[in-house]
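Novice: One point on numbering: in my numbering, the residue at position 196 of the sequence shown is 196, and numbering is uninterrupted. Structure in structure tokens, see below.
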Amino acid sequence: MRSGISTACLYPMELEQALPALIALDFHLFEVFINTISELRPKYIKELKRMADDSGSIVKSVHPFTSGFESFLLFSDYQRRSDDGLEFYKRYFHAANLLGAEILVLHGQRNDKRSRITEQEYFEHYARLYALGKTFGVTVAQENVNLFRSNEPGFISRMREYLHEDCAFVLDVKQAVRGGEDPFQMCAAMGERLVHVHINDNKPGEDCLLPGSGTMNFGALKQLMQKSGYNGDLVIEVYRRNFGELNELTGAKKVVDGLIY
1 MRSGISTACL YPMELEQALP ALIALDFHLF EVFINTISEL RPKYIKELKR MADDSGSIVK
61 SVHPFTSGFE SFLLFSDYQR RSDDGLEFYK RYFHAANLLG AEILVLHGQR NDKRSRITEQ
121 EYFEHYARLY ALGKTFGVTV AQENVNLFRS NEPGFISRMR EYLHEDCAFV LDVKQAVRGG
181 EDPFQMCAAM GERLVHVHIN DNKPGEDCLL PGSGTMNFGA LKQLMQKSGY NGDLVIEVYR
241 RNFGELNELT GAKKVVDGLI Y
């Protein structure tokens, strides 16, 4: 288990600037948030990989810029568009391969009551993407996301029960809190299929803070992760507005380092 950080923490700083800025703060494990289609160009991705390699860093995961459109691209009842969506996501898998990343973070479908696909159909759509990712050596991991179907622990539990070992999950503490859900229940719902954690803090009235800046019971979370056999990493993910100076990230890293087991 290692501590890391998402390049999204410095958004809207351009990715090729954010990565070296975080490396300079002594971070060496990353989630790379792809912000636009031009950042999927192999030449660009290879330059990011060079930056990581030169600093002894690794990229653990990638986050698509199309996460807000996955309802339309991947979880539609229009089969041809879903097929084309899978084809497009091959570009992310190629990027992940070039970066050496193991995980693609998925938001999935928005919690839209007008949706015409059933929960079972959602699971089947996900299974196709998961299987495609595996052909590239990449694990597509469903994140719990506020306002999306994955907002509720019950949904995560049913997804895990339906797909068994053909699924994986990302726990995001802030997304659970923002959605009015218990992050500990969310973690328990993911169980042994939890492969990645976006770690952040919170307190009454503020649902996204740097680790150590709120009242989150990280000790209890650590125990729960250990119980489920989690052996992945802890990746800091907040928004740029959630902190002032960049050196505050270094303090947050020390907090997360204290959770490593």
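Beta carbons: idealized from backbone N, C-alpha and C, even for Gly.
(1) Quick check: ARG193 and ARG160, are their CB atoms within less than 7 Å of each other?
(2) So the candidates are PHE65, TYR130, VAL32; which of them puts its Cα closest to the Cα of VAL235?
(3) Between HIS196, ASN231, GLY232, ASP257, which has its C-alpha nearest PHE218's C-alpha?
(4) What is the rounded straight-line gap between the Cα of PHE93 and the Cα of HIS107?
(5) Thinking C-beta only, is ASN146 closer than 7 Å to ARG178?
(6) For CYS167 and GLY137, I'd like the C-alpha separation in whole angstroms.
(7) So is ASN202 buried or exposed if we call it buried at 16+ other beta carbons inside 10 Å?
(8) Can you give me the start and stop residues for the beta strand (DSSP E) that HIS139 sits inside?
(9) Which of helix, strand or coil does DSSP assign to HIS125?
(10) Take the Cβ of ASP53 as the centre, count every other Cβ of all protein chains shown within 10 Å, and call the residue buried at 16 or more, exposed below.
(11) For the alpha helix (DSSP H) containing CYS187, name the first residue and the last one.
(12) When we look at the beta-carbon of PHE69 and count the other beta-carbons within 10 Å, is it buried (16 or more) or exposed?
Specialist: Well, looking at it:
(1) The answer is yes: Cβ separation under 7 Å.
(2) When each option's Cα is compared against that of VAL235, the closest is VAL32.
(3) The closest CA to that of PHE218, considering only HIS196, ASN231, GLY232, ASP257, is found on ASP257.
(4) Taking the straight line joining both Cα atoms gives about 16 Å.
(5) A contact, by the Cβ cut-off of 7 Å.
(6) A direct Cα-Cα distance of roughly 14 Å separates CYS167 from GLY137.
(7) Result: buried.
(8) Sequence inspection shows Thr at residue 139; the His mentioned does not correspond to that position. Note, THR139: beta strand (DSSP E), 139-143.
(9) Of the three classes helix, strand and coil, the one that applies to HIS125 here is helix, per DSSP.
(10) That one is exposed.
(11) That run of the alpha helix (DSSP H) goes 183-190.
(12) Classification for PHE69: exposed.
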